[in-house]
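Taking it in order: structure first as structure tokens, then the write-up.
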Amino acid sequence: MNELLLAAAGLILFTVAVGLARVLRGSEVERLMAVQLLGTGGIAALLLIANATSVPGVEDVALGLALLAAFATIAFVNLLDADQGDAEA
Amino acid sequence: MITLLDLFSIAAIGAGAFFFLAGTVGLLRFPDALTRMHALAKADNLGLGLVALGLIPRAESALSALKLIVIWALVLLSAASTTQLIGRALRRGRK
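For the record, the sequence lines run as chains D and U. Counting from 1, position 65 in the first sequence corresponds to residue 65 in the working numbering; the numbering is continuous, with no gaps. Counting from 1, position 20 in the second sequence corresponds to residue 120 in the working numbering; the numbering is continuous, with no gaps.
So, in structure tokens, the structure goes:
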């Protein structure tokens, strides 16, 4: 069963890494979307690994990643706004 | 020996992985930015949600199961707000 969980984590990480191709050929906002998908996939993989290996603390790393996931997007969108001269900082 | 709960976990995690796959394919293949964002939202909400749901029966304690739900809820909140922000940026023509 633990092997299955690790395999699922690997599959999700691989899928999300393929999605990063959008970073190479996409507009600025689309690049941000690919990075957001990487964040969510990373959280899912960490949860699976935490359960499969029972190493203490890995779940808390996922929790921290979930807490911080929104900030990159908010900062980036605000930067785009600032480029146009109407930041709402 | 595989129990019923294990089967439930396998089904939910498999479905979650499928939604991550679908989200990635959508991000790469859909024609414009708004439809790509739509595909991304499915991976964020359903993919992670199903993975967390599948892991809940395997959690060691009630607190650990609660932590899974909290992580999912946090991602739901942040995905909902960032999707609004990205959509607004797209609408204002910042491609």
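We treat Cβ as the ideally placed atom computed from N, Cα and C, and that holds for glycine. As the structure is a computational prediction, the values presented were derived from the model and not from experiment.
Three-way DSSP call (helix, strand, coil) for residue i in this model
i, result
"U/Phe119", "helix"
"D/Val23", "helix"
"D/Ala9", "helix"
"U/Pro157", "helix"
"U/Arg188", "helix"
"D/Gln84", "coil"
"U/Asp132", "coil"
"D/Ser54", "coil"
"U/Gly193", "coil"
"D/Met33", "helix"
"U/Met137", "helix"
"U/Ile110", "helix"
"U/Ile102", "coil"
Whether residue i touches residue j by CB criterion (8 Å)
i, j, result
"D/Thr40", "U/Leu148", "yes"
"D/Gly51", "U/Leu155", "Checking the sequence shown, residue 51 of chain D turns out to be Asn, not Gly. Yes, these two residues count as a Cβ contact at 8 Å."
"U/Ala117", "D/Ile12", "yes"
"U/Thr124", "D/Val16", "yes"
"U/Thr103", "U/Ala141", "no"
"D/Leu68", "U/Val151", "no"
"D/Leu80", "U/Ala189", "yes"
"D/Ala44", "U/Phe130", "no"
"D/Ala66", "U/Leu174", "yes"
"D/Gly19", "U/Leu185", "no"
Exposure label - residue i; buried when at least 16 CB within 10 Å
i, result
"D/Ile33", "Contrary to the premise, residue 33 of chain D reads as Met rather than Ile in this sequence. Label assigned to D/Met33: buried."
"D/Gln36", "buried"
"D/Asn2", "exposed"
"D/Ala64", "The amino acid occupying residue 64 of chain D in the given sequence is Gly; Ala does not appear at that position. Answer is exposed; the Cβ neighbour count stays below 16."
"D/Ala21", "exposed"
"D/Val29", "buried"
"U/Asp144", "buried"
"U/Ser109", "buried"
"U/Ala163", "According to the sequence provided, residue 163 of chain U is Leu. The question's Ala does not apply to it. Result: exposed."
With 7 Å as the limit, tell me which residues of the stretch 64-79 of chain D have their beta carbon closer than that to any beta carbon of chain U; keep them in chain order.
Ala66, Leu67, Ala69, Ala70, Thr73, Ile74 and Val77
Taking Cβ-Cβ distances below 8 Å as the criterion, which residues of the stretch 14-29 of chain D are in contact with chain U?
Thr15, Val16, Val18, Gly19, Ala21, Arg22, Ser27, Glu28 and Val29
Relative to chain D, which residues along the stretch 148-159 of chain U have a C-beta separation below 8 Å, given in chain order?
From the stretch 148-159 of chain U, only Leu148, Val151, Ala152, Leu155, Arg158 and Ala159 have a Cβ closer than 8 Å to chain D.
Below 8 Å between beta carbons is the criterion; list the residues of the stretch 112-135 of chain U that meet it against any residue of chain D, in chain order.
Ile113, Gly114, Gly116, Ala117, Phe120, Leu121, Gly123, Thr124, Leu127, Leu128 and Ala133
Going along the stretch 29-46 of chain D in order, which residues come within less than 7 Å of chain U, judged by CB to CB distance?
If the cut-off is 7 Å between Cβ atoms, the stretch 29-46 of chain D has Val29, Glu30, Leu32, Met33, Ala34, Gln36, Leu37, Thr40, Gly41, Ile43 and Ala44 near chain U.
Under 7 Å, CB to CB, which of the residues in the stretch 172-187 of chain U have a partner in chain D?
Leu174, Val175, Ser178, Ser181, Thr182, Leu185 and Ile186
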